[in-house]
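Report on one structure; see the data block that follows.
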Amino acid sequence: YFYWIYITLYALFSLAWTVFSVLFFNIVLRNLTDIKLWGIWFLFILLAIGMNWLTYSCFKEMFRLRQELGKSKGGRH
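Position one of the sequence shown corresponds to residue 3 (my numbering), numbered consecutively onward.
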């Protein structure tokens, strides 16, 4: 049941990241001609996608390990 803690922390972190992104977007979108800022924003998007993929793969692995634990204990977790 420990993974519920991680899901809660991930949800809170995602919410904080969203607020930060909205505030950052407001600064970046004031000057559309600055390519460097758009590059930084694109890097943030790639970072967010990578973190989501990493979190998904970790939860998938934890689910697999939990299933194996259930099999080794005769169905009891």
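Quick reminder that beta carbons are idealized off the backbone N, C-alpha and C, glycines included.
Cβ-Cβ distance between residue i and residue j below 8 angstroms
i, j, result
"serine 23", "phenylalanine 44", "no"
"tyrosine 12", "methionine 64", "no"
Option in the options with minimal Cα separation from residue i
i, options, result
"leucine 49", "Trp19, Leu11 and Trp6", "Trp19"
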